[in-house]
Amino acid sequence: MNCKAIYISATILSSFIFFSCKKEIIKSVPKTDSTSIKTEALKADSTVLNPNDSLYGLVDKSVIGTQFLTKSSLAPRLKKLLGADYDQMIANWNTETPFEKQDNILHAWGCKQHDCNTYSYDLYIDVKNNKINVYKFAKSELTILKEDNFEIELKDNFLKDLNIKKQNIETKK
20 MNCKAIYISA TILSSFIFFS CKKEIIKSVP KTDSTSIKTE ALKADSTVLN PNDSLYGLVD
80 KSVIGTQFLT KSSLAPRLKK LLGADYDQMI ANWNTETPFE KQDNILHAWG CKQHDCNTYS
140 YDLYIDVKNN KINVYKFAKS ELTILKEDNF EIELKDNFLK DLNIKKQNIE TKK
């Protein structure tokens, strides 16, 4: 090969390498508020539960972050149990505690942001018996929703916390 052909080949090859490695320049940054950033972060870090996932894996996890109320394998059962109250629970579950475990019972609590006295919910899941109970506190009234009329037996700290909430609504009446 002659020198001129080698020079042209090397120039074409180096140009090709140079242009293929060029980084894409971001021309605009999308504008968002802090709420959407927080929501997107939760979606990105969330664990959507599949039917094969262990419920005990929920301990110390956020109900909102795991999308438990809407995308878990128990969401259709919750919807059936709550009926017309399901959408209200989803809308008002803004402030929350993570799931906690006591024996075979999982518990999480959520309420309407800046208005926990008006709407709050205690969600109990009996993992051993595969049953759900929801205690809905709305406008100083308690409604207990029991899946298949099965009452989950609460004790120790879960029972103590629930009794305090019941006493608080009695005082408000």
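Residue numbers are given in this note's numbering: position 31 of the sequence shown equals residue 50, and the series is strictly consecutive.
Just so it is clear, CB atoms sit at the ideal spot from N, CA and C, and this is done for glycine as well.
Anticipated Cβ contact below 8 Å, residue i with residue j, distance rounded
i: L77; j: F118; result: 4 Å
i: K179; j: D167; result: Not really, about 26 Å apart at Cβ, beyond 8 Å.
Residue i versus residue j: straight-line alpha-carbon distance, rounded
i: T190; j: F156; result: 14 Å
i: A197; j: K131; result: In the structure displayed, the chain extends from 20 to 192; residue 197 sits before or after that span and is not available.
i: D145; j: I171; result: 6 Å
i: I83; j: E115; result: 8 Å
i: E160; j: N136; result: 10 Å
i: K80; j: T89; result: 15 Å
i: N123; j: K174; result: 11 Å
i: K23; j: I31; result: 12 Å
i: P70; j: L97; result: Here P70 scores only 40 on pLDDT, less than 50, and its place in the model is too uncertain to base an answer on.
i: Y105; j: P95; result: 10 Å
i: F87; j: G129; result: 12 Å
i: T162; j: I188; result: 12 Å
i: K158; j: F169; result: 25 Å
i: K185; j: A103; result: 23 Å
i: I183; j: S73; result: 30 Å
Within 8 Å, strictly: CB atoms of residue i and residue j
i: N152; j: Y143; result: yes
i: K75; j: K120; result: In the sequence as displayed, the identity of residue 75 is Tyr instead of Lys. Contact: yes.
i: L100; j: M108; result: no
i: H133; j: F177; result: no
i: Y154; j: W112; result: no
i: T85; j: S92; result: no
Neighbour flag for residue i against chain B, beta carbons, 8 Å
i: R96; result: No chain B appears in this structure, which consists of one protein chain only.
Fill in: Length-filtered (3 minimum) beta strand (DSSP E) runs lying within the segment 84-155
119-121, 124-130, 138-145
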